[in-house]
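Comments concern the structure below.
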Amino acid sequence: MANIPASPDETLSSDFETFFRENYSSIWRYVARRTLQSKVDDVVSASFIVAWEKYSTVDNPSLPWLIRIASFEVANARRKQSREHERAFSAVLEEFAAPFGEDFDGSSVRSAMATLGESDQEILRLVLWDELPREDIALVLGLSNNAVNVRYHRALQKFERSIVVPRHVYRVKEDPNAK
Amino acid sequence: MPNDRFSDLIRHANPVTQEPPRLMDDAWSDIVAAQGRAHPTFDGERRRTRLTWTHPRRVFAVAAAVLLIAGVSTVMSVRGPSNSPSLSSSITRAFGVVNAGASTGDFSLTPASPSGFNLVTCPTSQVCYLESQFAFDSAGNPLPTTAYKTVDGGTSWTAMSMPAAGTPNTSFSCPTVSVCSIGVVKSPSGSPGSPFAVGTVQSILSTTDGGATWTSHVVSINPVTGIDSALDSTLVNVQGQWTHLQCFSSTSCIATASVPSDQPQDPVNGVDDVGVYRAVIMRTDDGGATWTSSVLPWSMNLDESPGWSNSQDVELSCSTASVCVGVTTVVHSVVNNGQTANVLVWRSNDGGVTWLSSWAPAPAIGILGRSTLTCPTTLQCYAAVTTGVRWPSRTEQIMMTMDGGVSWTFESPSTSTSPSAINNYNSISCTSGSTCWVAGELLNGGEPANTHFNNTQASIWSSSDSGTTWTSVLLPAQLGFALEVACNSVASCLAVAVPPLDNRHPSFSGGEILSNQEG
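Protein sequences appear in the order of chains A and B.
Position 113 of the first sequence, counted from 1, bears residue number 118 in my numbering, the numbering being contiguous throughout.
Position 369 of the second sequence, counted from 1, bears residue number 350 in my numbering, the numbering being contiguous throughout.
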């Protein structure tokens, strides 16, 4: 007996589920780096719901496309947060922090990043935390590859000027075995 | 390098490197459930909000055209090429132009309609300009948007040669038989599906010799920024898009555009993937070389609370170069979770420099899009609006003012042959303050039974007594949707109509849609 072919809706649903499973972890981490821990799952879900709606209308659904959708969800979630929540955000972010070294918890680095403008922070996050290729970042931000590079290096220079790095952190980076 | 050192530092300060603590299957189940719940709302309101930079019917026409071609391709693959002539014929007729005899009022098919979804402008009874979008050849391959001109009332059409500045994105606006302008958009190749892709360039093309030669000016239509820095970073090098162009001479034009803004849109049912689009009014008095623009201000709700979505879309009609009326939809932020709205009426007496606004009365709750507002005089305007409540119980009515927008009345012509049908309106054209035509369709059975447009009859209504009474004008029975009507001062009209969708395929969202002439 011949198999009954899947309907277009079923095919779309199946394709999207595959797309979801391929990108869920990346999107979850992207969102978790940018919003309150208690909101992460909601924002991730909202992002995928929107993506599902648009999925059949784009030629090449991709992680950058998905991140762009998630970025709007994050922006909206953050806009609704009160100032108190914004302050709490910094503290909550630490809940996720992974240890870098014995004396390093990353908090001073993140505090320094928080003094930068949002666009500078975002490009540093995309390059160094989300580890997206430059061309993907260009898609996410709607910039040219060259503009991404220029912005990244400018943001890094601003970060360098803003950070007060404990000397032992330098040592950790220069010589991981040094104490 | 120091930069490398600092980049390593930031990299190792990454606060989130672990896998999500939540099971992927659980997350997927939630999304499936939420997606299912969201659909009814999407059909009724969100889709329209998302697509407000285009005419909803235009979107429908695109979908219908694409799916029709999908169906045609499917049929061809089954039956082989021998069936292609009849299919080709059906496509041409499907997106044709019908001509109204001024004396009889009835419409009949013209002999040589360009294929595609056509937008028509007729400065005289014989001379019309047409842009054909979303046309396909007999093999189902998409054809480029093409501009045509007729000098014999639509009996024959000649393709015009225009600068390669982009694809027409507004209708032609022709203040005289030989002076016309049109807004075009050129998207970067390979750009994503966003209508506001980075690198998009808008231009205005103008002719003063009936289309023999054209001049072109690039027009900047910038986003609204400065509200949310996070979103600002996503709007760099992004442009808005034309939505409407009306010219009063070869040098003076007013235009509307929809532009992205950095004002995040409050979520409706947890959905919010874009900043709110804002409506911009633009004016040129030097043929399009330079423009002044103003963003329609953020509006308050009826209860004076802040509106979260003001003029994402605006319909504009100027009876003179100075007096213009616009209508916009304002969706409320605090009432019923953003699911109710009202129509805000804008009026300018100085060519768009300053604007006053007032609320249209109930039951108006939303505008309909391109060419559904026309103001033949400074005091008289006709608009097709959504009325009642949101999906699935909405209706559409014709909203009229005879005093410059101070007061409005509503009419919904009944059709004795289909008493249970409700009317959808797509286009209004008036030749005087008292004589107007409205193009649309009857949705037999009404909504929600006919939500998916599965039983429609194209219709045109006319009134010669300032909208007090309306008469249904005959159209060929095989047409399901009348998308546009364009009339001129001697009351001859061209209309654009398409056949109904096949009853066996009541939804756009799955599988083949065939032309009703296929079987």
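Positions of the beta carbon are idealized from the N, C-alpha and C atoms, including for glycine.
Beta-carbon proximity of residue i to residue j, cut-off 8 Å
i: T353 (chain B); j: Y406 (chain B); result: yes
i: S214 (chain B); j: E140 (chain A); result: no
i: S443 (chain B); j: T452 (chain B); result: yes
i: E124 (chain A); j: S210 (chain B); result: The sequence shown places Ser at residue 124 (chain A), not Glu. Taking 8 Å as the Cβ cut-off, S124 (chain A) and S210 (chain B) qualify as a contacting pair.
i: A146 (chain B); j: K167 (chain B); result: yes
i: I163 (chain B); j: T151 (chain B); result: yes
i: G448 (chain B); j: C474 (chain B); result: no
i: A467 (chain B); j: V101 (chain B); result: yes
i: V304 (chain B); j: V326 (chain B); result: no
i: V334 (chain B); j: G347 (chain B); result: no
i: T412 (chain B); j: L424 (chain B); result: no
i: L17 (chain A); j: S67 (chain A); result: no
i: L111 (chain B); j: M143 (chain B); result: no
i: T148 (chain B); j: V165 (chain B); result: yes
i: S230 (chain B); j: V160 (chain B); result: yes
i: E27 (chain A); j: V48 (chain A); result: no
i: I403 (chain B); j: Y363 (chain B); result: no
Three-state secondary structure (DSSP) of residue i
i: R39 (chain A); result: coil
i: W134 (chain A); result: helix
i: P241 (chain B); result: strand
i: S172 (chain B); result: Because S172 (chain B) carries a pLDDT of 41, less than 50, the predicted location of this residue cannot be relied on, and no value is offered for it.
i: N99 (chain B); result: strand
i: M5 (chain B); result: helix
i: E91 (chain A); result: Only weak support exists for where E91 (chain A) lies, its pLDDT of 44 falling under 50; the value from the coordinates is given anyway. DSSP places E91 (chain A) in helix when its eight states are reduced to three.
i: F229 (chain B); result: coil
i: E140 (chain A); result: helix
i: V(-3) (chain B); result: coil
i: F391 (chain B); result: strand
i: L277 (chain B); result: coil
i: P69 (chain A); result: helix
i: L161 (chain A); result: helix
i: L121 (chain A); result: coil
i: N28 (chain A); result: helix
i: W57 (chain A); result: helix
i: L337 (chain B); result: strand
i: R115 (chain A); result: helix
i: N218 (chain B); result: coil
i: R259 (chain B); result: strand
i: F(-13) (chain B); result: helix
i: I208 (chain B); result: coil
i: W272 (chain B); result: coil
i: V45 (chain A); result: helix
Proximal chain A residues relative to residue i, where beta-carbon distance stays under 7 Å
i: D477 (chain B); result: The sequence as given places Val at residue 477 (chain B); Asp does not occur at that position. Correct list: empty, because the minimum Cβ distance to chain A is about 24 Å.
i: V506 (chain B); result: Residue 506 (chain B) cannot be examined here, being either before or after the span of chain B that is shown, -18 to 500.
i: R3 (chain B); result: D46
i: S168 (chain B); result: Correct list: empty, because the minimum Cβ distance to chain A is about 13 Å.
Cβ-Cβ separation, residue j to residue i (assumed contact under 8 Å), whole Å
i: V36 (chain A); j: V45 (chain A); result: 5 Å
i: I72 (chain A); j: V145 (chain A); result: 5 Å
i: A513 (chain B); j: E465 (chain B); result: It is not possible to answer for residue 513 (chain B), since the shown part of chain B is limited to -18 through 500.
i: P357 (chain B); j: S445 (chain B); result: Contact flag wrong, Cβ pair sits at about 13 Å.
i: V276 (chain B); j: V261 (chain B); result: 5 Å
i: C234 (chain B); j: S339 (chain B); result: So it is not a contact: roughly 26 Å between Cβ atoms.
i: M383 (chain B); j: L360 (chain B); result: 6 Å
Under 7 Å by beta carbon: chain B residues contacting residue i
i: F24 (chain A); result: Residues of chain B passing the Cβ test: none, with the nearest at roughly 11 Å.
i: S30 (chain A); result: E0, P1
i: V114 (chain A); result: L(-10), I(-9), A(-6)
i: S43 (chain A); result: Result: empty, since nearest Cβ-Cβ is about 13 Å, beyond 7 Å.
Within chain B, the residues that residue i reaches when beta carbons sit closer than 8 Å
i: E140 (chain A); result: Neighbours of E140 (chain A) on chain B: none; closest Cβ ~12 Å, over 8 Å.
i: A119 (chain A); result: Those within 8 Å of A119 (chain A) in chain B number zero; the least Cβ separation is about 11 Å.
i: P133 (chain A); result: Looking at the sequence provided, one finds Leu at residue 133 (chain A) rather than Pro. Going along chain B in sequence order, the residues near L133 (chain A) (Cβ under 8 Å) are S(-12), I(-9), R(-8), N(-5).
Residues that residue i contacts on chain A, provided the C-beta gap is smaller than 8 Å
i: F(-13) (chain B); result: L161, F164, E165, I168
Partners in chain A for residue i, counting only beta-carbon separations shorter than 9 Å
i: F9 (chain B); result: In the sequence under discussion, the amino acid at residue 9 (chain B) is Trp, which differs from the Phe named in the question. Residues of chain A passing the Cβ test: E22, F25, R26, Y29, F53.
i: S239 (chain B); result: What S239 (chain B) touches in chain A: nothing, since even the nearest Cβ is about 17 Å away.
i: S201 (chain B); result: The contacting residues do not exist; S201 (chain B) stays about 16 Å from chain A at best.
i: S242 (chain B); result: Here the premise fails: no neighbours, minimum Cβ distance about 12 Å.
Neighbouring residues, chain B, relative to residue i (Cβ below 9 Å)
i: S50 (chain A); result: A8, D11, I12, A15, G251
i: S19 (chain A); result: None at all; the shortest Cβ gap to chain B is about 12 Å.
i: L129 (chain A); result: S(-12), I(-9)
Beta strand (DSSP E) runs wholly inside the segment 435 to 462 of chain B, at least 3 long, in chain order: Runs of the beta strand (DSSP E) inside the segment 435 to 462 of chain B: 437 to 444, 452 to 454.
Could you name each continuous alpha helix (DSSP H) segment of 4 residues or more that falls completely within the segment 127 to 189 of chain B, going from the start of the chain to the end? The alpha helix (DSSP H) runs of length 4 or more contained entirely in the segment 127 to 189 of chain B do not exist; there are none.
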